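These notes are about the structure you will find just below.
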């Protein structure tokens, strides 16, 4: 149906073209250009038809190209922009020179036509015509004068009376005057009286002059013009006729040349458009193939290859694209292999790993997480708050905010699973691909490890306690034995106790009392560490706590330069003021002890806001510093780097900070000494709001 309709449309167009052609050719007025034979007529019709059809075809193709480009551009087809720009550029580059060429040609044509038909040329034509007419008129007047003279001859009168022909007189007259012929005509009969043979008649233009002698007799004189003059006159007349013919066809000539220029312009524009489309096709075909290939690659089809013929740089681009897709395919295979390997590792390690988006949405979780937590909870969890509800979720969000700032954040959690208490070590790492990429949360069940560590710690505590208790037992035993010997000696003597005995007894009792006091202090510190009071939090300014802790050391830090760098307008933190004061007092005391033998004794205490949800507290000294091995044991109970220490000070500091959700780490200070950094979560407001504030909710 569609093809039949197309045929009807094509037939209608051909009919309209034929009718237009007939009307166009039938409207021609050729004038002097009219064909003089049927062959010329057929040739003219054939040439004019070809020109007309070529003009229509070129115009139609240009119009079709413009419409097609417009439709393609409106439909946002691929590579339409390149094609349109190339066609417009080619037309612009071609149209400008063609336009100026046409203007120049029209100007030259008009100038030549004006020159051909200017006033001087018209004057020359008129003058030539007048000269030719004057010469012919003068010759005719001379012959007419001779005719009148001949008519008055007696021989003519005698002929009119008697009918005697004056042959000899006319022959003599022709020889003397140079006339070509003299004869008398009666009625319709021409009676030549003198005539030269045709072979002896001179060439040239002949002028006949007729002079009536009577009602029936006419005297005819025939003269001739010289050959050169006649030829010149004929040439002049021919040029005048040609000039008149050209002048009459002046508009037709102009129209013909303008039509020819229009056809040439249309042909040049068509050729430029065709070349632009051809060049655009050389680019568009490979580019379209590349766009299609890019779409396939974007959809994941890395095996797709561009198979199109191209030349020059486009061929290089096609080869480069195919090489790129081959490399991408190889890299994709390698990445897939690595992904499977990593997934196999993650699925088989005992540590739970879960990846979450920046908004807390769970992306992936391995099997170990289901073993550590409740499998049903892990299977139904969609957000991190579903895995760690309540306060634990708030703490996880706080760790996420902290990890976004410093990279990695860790904390211990206690959860209940099937009536069993679990100890979990949760580490949150921020993905560093781009800000806000997400997090990886590693959950490790440390219940058995903590039990083993506690057992080991208690064994160490028992050993240290036994050692600390054993040390005072020796002087107590020796003093008791000495008292026993002195008492026995006094019992054997009959006199009163001597002063020496009394002094010895007092000295032994003092030693026993001193050692017992040492044991009592040890027991008190151990009991205090074991029964640490719960923190009573309140919104507190950390700078006020620092000032309060420094006030304890008034007059005790002689020789030490104290540098305070306290941040202004720090947010309030929800802490136990007295416990944090104890933390700072312990750290300052340790720093002062470490700088006892240092040449440069400088104590630095600073505070600043480390992000929107953390306050950072720094205590640094220029003392002897802490070795790497000591850093690992520094916060363990009964580990001390001081000879007189009990090893419980930093353990208590660590416990206080852990209860407040704070973190402490020890670093090397520059150029010497140790640097303790405490990160305290911002908990402005009441303690009940502290967890939500720390989680950034």
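Residue numbers (this note's numbering): 1 to 697. Glycine residues also receive a C-beta, built at the ideal position from the N, C-alpha and C atoms. Note that the coordinates shown come from a computational prediction; the quantities given were computed from them, not determined experimentally.
So, for residue i: in the same chain, excluding its five sequence neighbours on each side, which residues have a beta-carbon less than 7 Å away from its beta-carbon?
i: residue 28; result: Residue placement at residue 28 cannot be trusted, given a pLDDT of 49 that sits under 50; what the coordinates show is reported in the next sentence. So the list is empty, once near-sequence residues are dropped.
i: residue 692; result: Residue confidence for residue 692 is low, a pLDDT of 36 falling below 50, so the modelled location carries little weight; the figure read from the coordinates is stated next. So the list reads 394, once near-sequence residues are dropped.
i: residue 285; result: 308
i: residue 265; result: 98 and 102
i: residue 493; result: none
i: residue 257; result: 109
i: residue 689; result: Any reading at residue 689 needs caution, since the residue's pLDDT is 39, under 50, leaving its predicted position unreliable; the model's value is listed next. If we look at residue 689 and ignore the five residues flanking it on each side, it has no Cβ neighbours.
i: residue 439; result: 356, 400, 403, 428, 429, 430 and 431
i: residue 320; result: none
i: residue 409; result: 399, 402, 403 and 428
i: residue 454; result: none
i: residue 374; result: 417
Quick one: residues in its chain with C-beta nearer than 6 Å to the C-beta of residue i, no 5 flanking neighbours on either side, listed in chain order?
i: residue 384; result: 356, 360 and 396
i: residue 512; result: 476 and 479
i: residue 353; result: 346, 366 and 442
i: residue 518; result: 472
i: residue 33; result: Confidence at residue 33 is low in this model, with a pLDDT of 48, below 50, so the placement of that residue should be treated as unreliable; the coordinate-derived value is given next. Closer than 6 Å at the Cβ level, and outside the excluded window around residue 33, lies no residue.
i: residue 444; result: 351 and 425
i: residue 611; result: 405
i: residue 314; result: 286
i: residue 69; result: 84
i: residue 687; result: Any reading at residue 687 must be qualified, since the residue scores a pLDDT of 38, below 50, and its modelled position is unreliable; the value itself is stated next. Counting only Cβ-Cβ distances below 6 Å, and skipping sequence neighbours, we find 537 and 574.
i: residue 447; result: 422 and 423
i: residue 370; result: 378
Residues in the same chain with beta-carbon distance under 8 Å from residue i, minus the five sequence neighbours each way, listed in chain order, please.
i: residue 643; result: For residue 643, the predicted model reports a pLDDT of 49, less than 50, meaning its position is unreliable and no value from the coordinates is stated.
i: residue 654; result: 635 and 664
i: residue 542; result: 570, 573, 575, 580, 607, 615, 617 and 680
i: residue 698; result: No answer is possible for residue 698: the residues shown for the chain start at 1 and end at 697.
Tell me which residue opens and which closes the alpha helix (DSSP H) that residue i is part of.
i: residue 580; result: 577-594
i: residue 325; result: 312-348
i: residue 658; result: 649-659
i: residue 369; result: 367-372
i: residue 299; result: No alpha helix (DSSP H) holds residue 299; DSSP gives it neither H nor E.
i: residue 379; result: 375-380
i: residue 216; result: No alpha helix (DSSP H) contains residue 216, which DSSP labels as neither H nor E.
i: residue 309; result: Note, residue 309: premise wrong, no alpha helix (DSSP H); not H, not E.
Under DSSP, the beta strand (DSSP E) around residue i begins and ends at which residues?
i: residue 680; result: 674-681
i: residue 614; result: 614-620
i: residue 356; result: 352-356
i: residue 606; result: 602-609
i: residue 305; result: Counting along the chain, residue 305 falls outside any beta strand (DSSP E), and DSSP gives it neither H nor E.
i: residue 152; result: Neither: residue 152 is in no beta strand (DSSP E) and is coded neither H nor E.
i: residue 667; result: 663-668
Between residue i and residue j, which are expected to be in contact by the criterion C-beta below 8 Å, what is the C-beta distance as a whole number of angstroms?
i: residue 425; j: residue 407; result: Actually they do not touch by this definition, with Cβ atoms about 17 Å apart.
i: residue 615; j: residue 516; result: With a Cβ gap of about 44 Å, residue 615 and residue 516 do not count as contacting.
i: residue 143; j: residue 223; result: 5 Å
i: residue 577; j: residue 607; result: Not confirmed; about 15 Å, so no contact.
i: residue 657; j: residue 678; result: 7 Å
i: residue 318; j: residue 310; result: 5 Å
i: residue 591; j: residue 603; result: 6 Å
i: residue 212; j: residue 220; result: About 10 Å; that fails the 8 Å criterion.
i: residue 585; j: residue 549; result: 5 Å
Contiguous alpha helix (DSSP H) assignments of at least 4 residues, all confined to the stretch 535-575: 542-552
Uninterrupted alpha helix (DSSP H) stretches inside the stretch 383-445 (no shorter than 4 residues): 384-387 and 391-406
Answer yes if the stretch 416-425 comes into contact with the stretch 619-630, meaning at least three C-beta pairs across the two stretches below 8 Å, and no otherwise. no
Can at least three beta-carbon pairs, one atom from the stretch 260-274 and one from the stretch 296-313, be found at a separation below 8 Å? no
Could you tell me whether the stretch 659-673 touches the stretch 548-568, using the rule of 3 or more Cβ pairs below 8 Å? no
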